[in-house]
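I have placed the structure first, in the form of structure tokens, so that the comments after it can refer back to it.
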Amino acid sequence: MAIITLILQEMNVEQNIIVQQIFKARKNNNASAEVINDLVRQNIQLSQRYCKPTKYCA
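For the sequence shown, UniProt numbering begins at 1 and goes up steadily by one.
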């Protein structure tokens, strides 16, 4: 269980960075839709890499 917690914490840190980049790009209107879509895609891929469907991660 401790390993799962550490993995999820690491994922949260990485996802927070990506989400901050998405909001910053949208707020400043300085990023194309392609850049924002790429960040969203990275976030989805990160979730899929760390979080295979289990009882801990839907």
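Each residue gets a CB set at the ideal place from its N, CA and C atoms; glycine is no exception.
| said: For residue 42, which residues in the same chain have their Cβ closer than 6 Å to its Cβ, ignoring the five residues on either side in sequence? | reply: 18
| Cα-Cα separation, residue 23 to residue 47 | 18 Å
| request: With DSSP as the reference, label residue 31 as helix, strand or coil. | output: coil
| message | Below 8 Å on the Cβ atoms is my contact criterion, and I expect residue 39 with residue 25 to pass it. Report the Cβ-Cβ distance as a whole number of Å. | response | 7 Å
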